[in-house]
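K.L.:
All the letters of the sequence shown, read from the start, carry residue numbers 131 to 281 under my numbering. First the structure, then my questions, so here it is.
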Amino acid sequence: MSKPSFDEIYMDLAESLAKRSHCVKAQVGAVLTKDTRIVSLGYNGPPAGTHNCDLEWPKDGCPRDSKGSCSLALHAEQNAILYASKNNVVMEGSTLYVTLSPCISCARVIYTMGIKKVYYLNSYADFKGLKNDEGVDFLQKFGVEVVRYKK
């Protein structure tokens, strides 16, 4: 009997977490790990206690910002990082598993928090119709290892 790798376990968990999202446009999950232990989890959506977009705006989702993105949502990796920070978890040297590659804003936060490695499943650029994954490019430029996860 073969055992799943930690990478498989964490990405499977990120995919399961994505199903918790109330976003009608995209469901994204994230798992933050350190030394083979889970230190935080997250999925995309408005801050806790505010809105559930699938209930309030089930057809089109929440209002859009000036760039056409959700005006209310925190990204999955933001939620995982914020929860870890709120609970005094040291993220320096940690690894992030996320179902959609980080946008440029999330990439800046990931870098600033000292996360050393990011595994992602799907491309944010493909999802948004962009030329390239700016967040991935940023992270790689500044020494964060970024790996597209293959099932």
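Beta carbons are placed, not taken as given, at the ideal position from N, Cα and C, and that holds for glycine. Here the structure is a predicted model, which means the values were calculated and not measured.
1) Going by beta carbon distance, what residues of the same chain come within less than 8 Å of N252, once the five residues before and after it are set aside?
2) Taking S235 as the reference, which of D267, D165, P177, V169 has the closest Cα?
3) Enumerate in chain order the residues of its own chain whose CB-to-CB distance from K149 is below 7 Å, with the five nearest sequence positions on each side excluded.
4) Touching or not, the stretch 204 to 211 and the stretch 162 to 180, by the rule of three or more beta carbon pairs under 8 Å?
5) Considering only their Cβ atoms, is the gap separating Y140 from Y249 smaller than 9 Å?
6) Roughly how many angstroms separate the alpha carbons of I240 and S196, rounded to a whole number?
7) What span of residues does the beta strand (DSSP E) with K247 cover, start to end?
8) Compute the distance between the beta-carbons of L162 and T225, then report whether it is under 9 Å.
9) Could you compute how far the alpha carbon of V154 sits from the alpha carbon of K258?
10) Under three-state DSSP, which class holds R278?
11) Bridge partners for Y173 per DSSP, in chain order?
P.N.:
Result, derived from the coordinates:
1) Leaving aside the five residues that flank N252 on each side, the residues in its chain whose CB is nearer than 8 Å to its CB run, in chain order, T229, L230, S231.
2) S235 has its Cα closest to that of D267, out of D267, D165, P177, V169.
3) Counting only residues of its own chain and dropping the five nearest sequence neighbours on each side, K149 has a CB closer than 7 Å to the CB of Q157.
4) Proximity of the stretch 204 to 211 to the stretch 162 to 180 meets the contact definition, three or more beta-carbon pairs being nearer than 8 Å.
5) For the pair Y249 and Y140, the CB atoms are nearer than the 9 Å cut-off.
6) Between I240 and S196, the C-alpha separation is close to 24 Å.
7) 247 to 252 is the extent of the beta strand (DSSP E) around K247.
8) Yes, the pair counts as a contact, with Cβ atoms nearer than the cut-off.
9) Distance between the alpha carbons of V154 and K258: 15 Å.
10) Residue state for R278 is assigned as strand, using DSSP reduced to three classes.
11) The partner list for Y173 (beta bridge, DSSP) reads G159.
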